[in-house]
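**Student:** Sequence order for the protein chains is A and B.
Residue 65 in our numbering sits at position 65 of the first sequence; the count goes up by one each step and never skips.
For our numbering, add 105 to where a residue sits in the second sequence, where the first one is 1.
Protein chains: 2
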Amino acid sequence: MKESKKKALEKRGWSVGSAKDFLKMTDEEAALIELKLSLAENLKTRRQKSHLSQEQLAKLLDSSQSRVAKMEACDRSVSIELLLRALLRLGATRRQLGAIISKAA
Amino acid sequence: MKESKKKALEKRGWSVGSAKDFLKMTDEEAALIELKLSLAENLKTRRQKSHLSQEQLAKLLDSSQSRVAKMEACDRSVSIELLLRALLRLGATRRQLGAIISKAA
DNA sequence: TTAGTATATGTCAGATGTGACATATCGCAA
DNA sequence: TTGCGATATGTCACATCTGACATATACTAA
């Protein structure tokens, strides 16, 4: 993982914290987080391309603006399932989800 | 969704139950469940190809045999995140996960 | 400046997911 | 049949996720 990405994640509460903690992260954990990050980035892009505010998207998802903000920020409290659900609601196909997940962060 | 698949899901506690309930399922929900099902099937296949028992895989995942059984059975109580975690632990690459997710159930 | 809109952050009660355990069922060899 | 290893199912305490709310910050326009 790149250092810039690491820092971005630290801010989100991933306790990638010290180098020690960072090294303790297993490969799977790192892969999962990067995967999640890709989904979050894609969600933000899609929303913006759809010219929707977070508030509007929230309504579409039966959720709240604050949660949408957290989804896009890849907050610790956001599950992969929630991100997938949101992307599907925004019209993403299964194939497109696969493409997002395939690509390295 | 095919009728056979629907029945398989009913047994797993997805309350696809009556035709009415079934129709109430949104496209996204159906897509998510099928996606989950694909991951679960792949997990079982991978475990078997690795000649591991559920008990052995459970140890590998710091989990329990019963949870592994539920993962493979696509139980309601199993998250997509848990399935992805397990697949990664079994050596699946991000690209392979993408492929699983791309393919229709 | 002020006001308005969009986004970010912290918190919390209720919902959902998780490992662990007990127990049941299956498949097969002796 | 009996016994045994593997898998399935039900339950539960504890952990994590979620929507909602309050509030903060950022950016424009008047």
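Each residue gets a CB set at the ideal place from its N, CA and C atoms; glycine is no exception.
(1) Going by Cα to Cα distance, which pick from B:ALA209, B:SER171 and B:LYS154 is closest to LEU192 of chain B?
(2) DSSP state of LYS208 of chain B, grouped into three classes?
(3) Roughly how many angstroms lie between the CA atoms of SER66 of chain A and SER79 of chain A, to the nearest whole one?
(4) Just to confirm my understanding: we take ARG152 of chain B, look at its own chain, exclude 5 residues before and 5 after, and list those with CB closer than 6 Å. What are they?
(5) Assign ALA197 of chain B to buried or exposed, taking buried as 16 or more other Cβ atoms, counted over all protein chains shown, within 10 Å of its Cβ.
(6) Closest Cβ-Cβ distance between ALA58 of chain A and chain B: below 8 Å?
(7) Starting from the Cα of GLU133 of chain B, find the closest Cα among A:SER77, A:LEU61 and A:ALA104 and give me that residue.
(8) Cα separation between GLN96 of chain A and LEU35 of chain A?
(9) Closest Cβ-Cβ distance between GLU41 of chain A and chain B: below 8 Å?
(10) What residue does the alpha helix (DSSP H) around VAL78 of chain A start on, and which one ends it?
(11) Kindly list, in the order they appear in chain A, the residues whose Cβ is closer than 7 Å to that of ARG194 of chain B.
(12) Would you say ALA199 of chain B lies against chain A (beta-carbon separation less than 8 Å)?
(13) Which bits of chain B does ARG85 of chain A rub up against, with CB to CB less than 7 Å?
(14) Which residues in chain A have a C-beta closer than 8 Å to the C-beta of LEU140 of chain B? List them in chain order.
(15) Anyone know if the C-beta pair for GLU81 of chain A and GLU186 of chain B falls short of 8 Å?
(16) Please decide whether GLU186 of chain B counts as near chain A, where near means a Cβ-Cβ distance under 8 Å.
(17) If you draw a straight line from the alpha carbon of GLN54 of chain A to that of ALA69 of chain A, how long is it in whole angstroms?
(18) Do ALA209 of chain B and ARG94 of chain A have their C-beta atoms closer together than 8 Å?
**Tutor:** For this structure:
(1) B:LYS154
(2) coil
(3) 15 Å
(4) LEU162
(5) buried
(6) Contacts with chain B at 8 Å (Cβ-Cβ) do not include ALA58 of chain A.
(7) Answer by Cα proximity: A:LEU61.
(8) 14 Å
(9) no
(10) Here VAL78 of chain A belongs to no alpha helix (DSSP H), and DSSP marks it neither H nor E.
(11) Simply GLU28.
(12) Per the sequence presented here, residue 199 of chain B reads as Arg, with Ala not at that position. Closer than 8 Å: yes.
(13) GLU133 and LEU137
(14) Here the neighbours are LEU84, ARG94 and LEU97.
(15) yes
(16) GLU186 of chain B counts as touching chain A.
(17) Rounded to whole angstroms, GLN54 of chain A to ALA69 of chain A spans 7 Å at the Cα level.
(18) yes
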